[in-house]
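Under our numbering, read the sequence shown as residues 190 to 415, first letter to last.
C-beta: ideal position from N, C-alpha, C; glycine also.
Written out below as structure tokens is the structure these notes cover.
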Amino acid sequence: MGVEAGEVVAVLGDNGAGKSTLIKMISGVYKPDGGEILLEGRQMKMETPMDALAVGIETIYQDLALAENLNVSSNIFLGREKTRRSLGLFNVLDHEYMTEESKHVLDRLDIHIPSLKSTIRTLSGGQRQAVAISRSIYWDAKVLIMDEPTAALGIAEQKKVLALVNSLKSQGIGIIIISHQMYDVFEVADRIVVMRRGQKVAERLISETNPDEVVGLIVGSETVRK
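Encoded structure:
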């Protein structure tokens with residue numbers, strides 16, 4: 190499978206189809222025992238998640254990997270904090286720099302959070318998802334992998350997240366979405382890839398398929414067009 194710049198590819202499949210394993214291989218969590226991962230035509234060898242981050246592959250897992258006791262800007266820089274010298278002796282966190290940079294990326298994505306000093310635990314589900322997306326974009330994601338981005342969100346917040354995905358697509362970012370939400374898939378995806386038992390069994394342009402066919406592909410219906 191592949192994803193182009195400015196394209197959304199939805200990876201679908203029943204539980205145990207191999208979707209999570211696939212994205213963990215792309216993001217450096219698991220080491221593939223075969224095949225190749227290419228980015229902009231160059232073969233990538235990801236031994237760790239940091240290797241994937243270094244080449245612009247960002248992954249937002251369903252749990253978002255946010256620190257609930259930290260504020261917005263601290264989460265955007267989580268693990269990659271900006272420091273400055275203090276008294277010429279010590280490195281301390283540069284909170285002013287991180288706050289300003291966080292404002293810039295939130296403004297770029299038209300994300301409105303009342304205060305960047307708010308801890309993550311005080312934010313809504315949609316706002317948390319927006320912070321996780323902002324973190325990926327700030328660090329120059331070329332490929333963004335999103336695992337169930339609208340799970341456990343209300344309808345209004347689902348729409349906001351989907352609008353944000355469309356915004357990222359218009360900025361030339363390649364996006365891979367893992368989702369069980371058929372509405373989400375047909376709202377934002379350009380292509381779908383269906384997996385079953387660890388293999389890709391079908392690929393369709395979203396404009397050339399429909400939810401009934403996709404469900405048939407997922408469950409292995411014999412009546413589905415091959």
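Closest by C-alpha distance to Glu229, out of Ala352, Ala330, Ala345 and Met371, is Ala330. Scanning its chain for C-beta atoms nearer than 6 Å, with the 5 sequence neighbours on each side dropped, one finds around Ala206 the residues Met384 and Arg385, in chain order.
Bounds of any beta strand (DSSP E) do not take in Lys306, whose DSSP letter is neither H nor E.
Per DSSP, reduced to three states, the secondary structure at Ala319 is helical. Under the criterion of beta carbons closer than 8 Å, Ser325 and Leu333 qualify as touching, at roughly 5 Å. Cβ-Cβ distances below 7 Å link Ser291 to Val261, Ser262, Ile265 and Leu305 in the same chain, with the five nearest sequence neighbours on each side left out; the list follows chain order. Excluding sequence positions up to five before and after Gly361, its CB lies within less than 7 Å of the CB of Ala194 and Gly195, all in the same chain and listed in chain order. Out of Ile309, Gly277 and Val197, the CA that lies nearest to the CA of Asp252 is found in Ile309.
If you compare the alpha carbons of Gln318, Asn258, Ile300 and Leu312 with that of Ile249, the shortest gap goes to Gln318. Taking each of Asp240, Gly343 and Asp373 in turn and checking the Cα distance to Ile395, the smallest one comes out for Asp373. Exclusion of the five residues before and after Gly387 leaves Ala206, Gly207 and Thr210 as the residues of its chain whose Cβ lies within less than 8 Å of its Cβ.
No Cβ-Cβ contact shorter than 8 Å links Met233 with Val218. A residue is called buried once 16 or more other Cβ atoms fall within 10 Å of its Cβ, and Ala352, having fewer, is exposed.
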